[in-house]
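FYI, the numbering for the sequence shown is 0 to 363, going by numbering that gives the first Met the number 0. A virtual CB, placed ideally from N, CA and C, is assigned to each residue, including glycine. What follows is a set of notes on a single structure, which appears directly below.
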Amino acid sequence: MTAMEVLDPEVDRARAIYRFGLDRLPKGKSDELYSNFVAFEKMFGDHKDIEDTLITKKRILYEGEVTNNPLDYDSWFDYLRLEESLGNKDKIREVYERAVSNIPPAEEKRYWKRYIYIWIMWALFEEIDADELEKARSVYRECLKVIPHRKFTFAKVWLMAAQFEIRRKNLKSARQIMGNAIGIAPKGKIFKKYIEFEMKLGNIDRCRILYEKFIEWDPSDCYAWLKYAEMEKSLHETDRVRSIYELAVSQPALDTPELLWTALLQFEIDENDFERTRQLYRSCSTGQSISRSGSATLSLKLDWAMPAARWSRCEGAEPYSRGRSTTSVLRLPNHRCGGLFWRHGWRRKQVSAFSVTLRPCTST
């Protein structure tokens, strides 16, 4: 029939018949028809007609792939990119809706990552390309409902939903989303962004509450302790800073304790409280509050030996003696060698200082 239509020549009618057949026939039985269609377009069609033919082929290919395996999210991505390049918003939404309806059967995060990115792409499409803000908000909301938060969560989705509201200048909704996030499925990244958000708005009391919730959720996270102390230090709340540091170093488990101790010691030096610093150093060097099994701890002892020597000549050698005994027990020759070099330099300074005080006797 198409050959007769071509000879008439009824080109448009022939093209319509080809497309009707390609839309109706299953993928496995349409290869020959498609080859004839391509040859037909090369003979009678222009550049645009040939492009439409190639697009039709791709659409048939992707449709077959997602029909055979609805959980093949890579094929859905290819299909969506094709439809977005064509710009038909209704068709794009239809494909997105079909794609997200295929929820991963296993509640393991590694199976959900590709799936969640389809939701994210959909939300961005509605906000940026389609300019349908309510639809974008609805997409974020539905995505958060689908995620099994008791098993795992995606901080990226929570934060993108909040940032969407911030772009709309809807701060109340943004705060509500991040509050729900730390209430339902807290993560360090969400705490950090929420605190950053409140800091930009100047809500110090809210930041304090969030830091307290942060360290209550994960007391071993030194980042939270340090940032909390830095915020109070910027507000010149000396007593608060000291309390935060002291509470932090008293925790039974910390991910990077040497950073906390360094910050605490530096804070006391900046406050010119040398006696408190000396006590803290002794506590550190005797292993009362920090493990002596790591090189970072040992470096901390050596780093704070020289300040102790400056404050009191008679006590200046004490940290070196402790450091030497510690390196001997732990069998860390490199650190022990470094400590000996520091001690040698300290002794030379003591001799030089003593020599300066001597005055030659003059005969009368």
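The three-state secondary structure of A15, taken from DSSP, is helix.
Contact between the segment 121-139 and the segment 147-154 is absent: fewer than three C-beta pairs spanning the two stretches fall below 8 Å. Distance from the CA atom of F196 to the CA atom of G187, rounded to whole angstroms, is 14 Å. The continuous alpha helix (DSSP H) containing N179 extends over residues 170-183. Per DSSP, reduced to three states, the secondary structure at Q250 is coil, with no helix or strand assignment.
Here Y95 is buried. Its C-beta has 16 or more other C-beta atoms within 10 Å. Counting only the Cα atoms, R277 lies some 26 Å from A223. Short of 8 Å from the beta carbon of L279, and not among the five residues preceding or following it, lie these beta carbons of its own chain, in chain order: W260, L263, L264, E267. Shown here, G20 sits in a helix according to DSSP, grouped into three states.
Beyond the five residues adjoining it in sequence on each side, P69 comes within less than 6 Å, by CB distance, of N101 in the same chain, given in chain order. A contact is defined here as three or more CB-CB pairs under 8 Å, and the segment 161-178 fails this definition with respect to the segment 101-121.
By the Cβ-count criterion, R136 is buried, with 16 or more other Cβ atoms from all chains shown falling within 10 Å of its own Cβ. In the DSSP assignment, L132 falls within the alpha helix (DSSP H) that extends over 132-145.
If one requires a minimum length of 4 residues, the alpha helix (DSSP H) runs lying completely within the segment 66-119 are 72-85, 88-99, in chain order. Counting along the chain, no alpha helix (DSSP H) covers F151, and no H or E run does either. Taking the Cα of Y116 as reference, the smallest distance to any Cα among W157, S84, K88 is reached at W157. Rounded to whole angstroms, the gap between the alpha carbons of K199 and F213 is 18 Å. For S219, no alpha helix (DSSP H) segment is defined, and its DSSP state is neither H nor E. When the five nearest sequence neighbours on each side are left out, the beta carbons in the same chain lying within less than 8 Å of the beta carbon of L79 are those of I91, V94, Y95, A98, I117, M120, in order along the chain.
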